[in-house]
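There are 2 protein chains.
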Amino acid sequence: MTDSLSPPEDAGVDPEREAATKGAVFVAAERLFALEGFQNVSVRDITAAAGVNLASVNYHFGSKDALLFEIFRRRTAELNRERARMLHMASDRHDGRPPVREILAALFEPPLRWSNPAHDRRISVQFIIRARSEGTEAMREVLRTDVSHLRRFADALIAALPSLAAEEIYWRLHFALGMIHNNRFAEFDRLHVLSDGVTRESDVGALLKRMIDFAEAGFLA
Amino acid sequence: MTDSLSPPEDAGVDPEREAATKGAVFVAAERLFALEGFQNVSVRDITAAAGVNLASVNYHFGSKDALLFEIFRRRTAELNRERARMLHMASDRHDGRPPVREILAALFEPPLRWSNPAHDRRISVQFIIRARSEGTEAMREVLRTDVSHLRRFADALIAALPSLAAEEIYWRLHFALGMIHNNRFAEFDRLHVLSDGVTRESDVGALLKRMIDFAEAGFLA
DNA sequence: AGTCAAGTCGAACGAGGGTTTGAAACACCC
DNA sequence: GGGTGTTTCAAACCCTCGTTCGACTTGACT
């Protein structure tokens, strides 16, 4: 959409390869928004962190809200694509009817894999989670109405659990999603305090297994 | 804490019975914050909705943030008190070692009962949920460090599940809490769209049972 | 009636915010 | 090398917001 402005026209999904300033703004904004919250970050904060001029945000993105929305669209698209890919592969492995456990893995693994401390997109995951509660009206409109991606998962779960009413599936899917959305830095901090340091957020592999175990049991109950 | 300012000194927890203006501000602010988000509501919005003068917020509460914090403290205290009461009753019924299901009921039922559309505190629940992601630094400090209330539940669960490592309990408690925090109006809207209107948020009794069933299965897995 | 503290009111202050502007710098092509 | 379109820059604009101020009203007590 905004690519018509950038001369190199890389036509790619890689933000860092765009016009240098635009990419720097994108990256700095995502980081600050994810760490500090949307309303707590000013355009001046972003441009200062990116080392570019104040007017860059409005020139390259139109407005602060449009910048936010563009980050949101790109990151959610990437996440949904990865989830759909995993679900599709699981479907292929099981003649179109994957078991609950693999459906949940397709739902949980992408955001959790990205949450690895060594991973670049750790910040993207926090951004997406934040968008869910602090997003602008435009973002919330998308989140509320665009459920096509979730429908694939709901349908797969309905097929995997034929004895369960569809209404039940929807509610349990809602619960499972809540488990993901709660994976904010602040919540990990609290858990760390509560458990006296026993829980280690860094071991995302173990966390993924725990989440799948918990949710699978809930679905099979 | 702020009672020293109100002449009638009702010494109660009922906000509406304070000095008329202060109570009106409290109620209007809670409602607006819960519905619109903390940063999207100005002091002018609050005082206009309450039908009082602009300066009332600073006169009665000190600052906008202090008003937010006072609402937060009162509502979380009420919620924690109710949860502790239910946990205590369950403990009495089972010689100090209540089963998982009753512990979860003590955790889930208070906020869900208050979420009933007919209930006054429906708005308070949404306020508390919002505080978790959009709260001020002071609120997040409390949420991060004051885990004494959760510890009671963690201990009860550890006692109820002696074969499970404490680390596992903490993680599963984290998941269960995520299920609650996801009960925002916006999330219910999305679920409603996804299920084509099958799911009914209004039936909180059925929702409570579904949540307990799901979480109990996860703990017993 | 007089006094004093508490509360209310309209008005203004000052800071911080997003956005706009117009000129300068740059890159590219004929 | 001139011309053209794009990008960068410093500065300013303009609005909203939280807060404060000083005067006025109210009510209780002496």
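First to last, the protein sequences are chains A and B.
Position 182 of the first sequence, counting from 1, maps to 182 under the working numbering, and the rest follow consecutively.
For the working numbering, add 221 to where a residue sits in the second sequence, where the first one is 1.
Where is the CB? At the ideal position from N, CA and C, for every residue including glycine.
For a contact defined as C-beta to C-beta under 7 Å, what are the partners of residue i on chain A?
i        : result
B/Asn337 : Under the 7 Å cutoff, chain A gives no residues; its nearest Cβ is about 17 Å from B/Asn337.
B/Tyr391 : Leu191, Leu194, Ser195, Val198, Thr199
B/Ala206 : With chain B running from 222 to 442 in the structure shown, residue 206 of chain B is simply not present.
Under 8 Å Cβ-Cβ, which residues of chain B neighbour residue i?
i        : result
A/Gly178 : Gly399, Met400, Ile401, His402, Asn403, Asn404, Glu408
A/Gly218 : Asp434, Phe435, Ala436, Ala438, Gly439
A/Arg75  : Those within 8 Å of A/Arg75 in chain B number zero; the least Cβ separation is about 17 Å.
Could you give the distance in angstroms between the alpha-carbon of residue i and the alpha-carbon of residue j?
i        : j        : result
A/Phe61  : A/Val43  : 12 Å
A/Leu157 : A/His174 : 12 Å
B/Ala381 : B/Trp392 : 15 Å
A/Leu5   : A/Val142 : Because A/Leu5 carries a pLDDT of 30, less than 50, the predicted location of this residue cannot be relied on, and no value is offered for it.
B/Thr223 : B/Leu308 : Confidence at B/Thr223 is low in this model, with a pLDDT of 33, below 50, so the placement of that residue is unreliable and no value is reported for it.
A/Ala20  : A/Met179 : 37 Å
B/Arg334 : A/Thr47  : 46 Å
A/Gly12  : A/Arg81  : Summary for A/Gly12: the model assigns pLDDT 32, below 50, so the residue's position carries little reliability; its value from the coordinates is reported in the next sentence. Straight-line Cα distance between these residues: approximately 15 Å.
A/Asn58  : A/Arg121 : 25 Å
A/Ile212 : B/Ala438 : 12 Å
B/His422 : B/Asp410 : Per the sequence shown, residue 422 of chain B should be read as Glu rather than His. Their Cα atoms are separated by approximately 9 Å.
A/Phe219 : A/Lys22  : 44 Å
A/Arg140 : B/Pro383 : 43 Å
B/Glu323 : B/Val419 : 28 Å
A/Thr145 : B/Thr366 : 37 Å
A/Lys209 : A/Leu104 : 10 Å
A/Met89  : B/His315 : 48 Å
B/Arg372 : B/Ser284 : 32 Å
B/Gly317 : B/Leu385 : 19 Å
A/Ala221 : A/Leu207 : 21 Å
B/Ser277 : A/Ser56  : 40 Å
A/Glu9   : A/Leu67  : With a pLDDT of only 32 at A/Glu9, under the threshold of 50, the placement of this residue in the model should not be trusted; the figure read from the coordinates follows. Each residue's alpha carbon lies about 18 Å from the other.
A/Val41  : A/Val125 : 18 Å
Check this for me: beta carbons of residue i and residue j, under 7 Å apart or not?
i        : j        : result
A/Phe153 : A/Ala34  : no
B/Phe293 : B/Ala339 : no
A/Ser91  : A/Pro99  : no
A/Val52  : A/Asn116 : no
B/Ala245 : B/Phe290 : no
B/Ala387 : B/Ala436 : no
A/Asp45  : A/Leu54  : no
B/Arg402 : B/Ile350 : A small correction: the amino acid at residue 402 of chain B is His; Arg does not occupy that position in the sequence shown. Yes; because the gap between Cβ atoms is below 7 Å, this pair is in contact.
A/Ala50  : A/Arg83  : no
For the candidate residues the options, whose alpha-carbon lies nearest to that of residue i?
i        : options                                : result
B/Ile344 : B/Glu437, B/Ala438, B/Glu257, B/Ala442 : B/Glu257
A/Arg224 : A/Ala118, A/Val198, A/Val27            : Since the first and last residues shown for chain A are 1 and 221, residue 224 of chain A lies out of range.
B/Arg405 : A/Asp189, A/Ser91, A/Ser133, A/Phe69   : A/Ser133
B/Asp417 : A/Val100, A/Glu137, A/Asp155           : A/Asp155
B/Gln260 : B/His315, B/Arg304, B/Thr357           : B/Thr357
A/Val147 : B/Glu408, B/Ser336, B/Glu388           : B/Glu408
A/Asp65  : A/Pro110, A/Glu30, A/Ile129            : A/Glu30
B/Glu389 : A/Leu194, A/Met89, A/Leu104, A/Val41   : A/Leu194
A/Pro110 : A/Ala215, A/Gly96, A/Arg101, A/Glu78   : A/Glu78
A/Arg85  : A/Arg210, A/Phe108, A/His192           : A/Phe108
B/Thr297 : B/His370, B/His315, B/Ala442           : B/His370
Listing by chain order, which chain A residues have their CB less than 9 Å from the CB of residue i?
i        : result
B/Gln260 : Gly37, Phe38, Gln39, Asn40, Glu134
B/Phe293 : What B/Phe293 touches in chain A: nothing, since even the nearest Cβ is about 15 Å away.
Along chain A, in chain order, which residues have C-beta atoms closer than 8 Å to that of residue i?
i        : result
B/Phe254 : The premise fails here: B/Phe254 is roughly 13 Å from chain A at the closest Cβ pair, so nothing lies under 8 Å.
B/Val414 : Arg144, Thr145, Val147
B/Ala380 : Correct list: empty, because the minimum Cβ distance to chain A is about 16 Å.
B/Ala442 : Asp213, Phe214, Glu216, Ala217
B/Arg304 : The premise fails here: B/Arg304 is roughly 15 Å from chain A at the closest Cβ pair, so nothing lies under 8 Å.
Please list the partners that residue i has in chain B, where partner means a Cβ-to-Cβ separation under 7 Å.
i        : result
A/Arg140 : Ala407
A/Leu304 : Residue 304 of chain A is absent from the model: chain A starts at 1 and stops at 221.
Report the neighbours of residue i on chain B: residues whose CB is nearer than 9 Å to its CB, in chain order.
i        : result
A/Glu167 : Ser416, Val419, Thr420, Arg421
A/Phe127 : Result: empty, since nearest Cβ-Cβ is about 13 Å, beyond 9 Å.
Practice task
Please go through the segment 47-109 of chain A and give each complete alpha helix (DSSP H) segment of 4 or more residues, from N-terminal end onward.
Solution key: Counting only runs of 4 or more, we get 56-61, 64-93.
Handout entry: Minimum length 4: unbroken alpha helix (DSSP H) runs contained in the segment 382-422 of chain B
Key = List check, alpha helix (DSSP H) in window: 387-402, 406-415.
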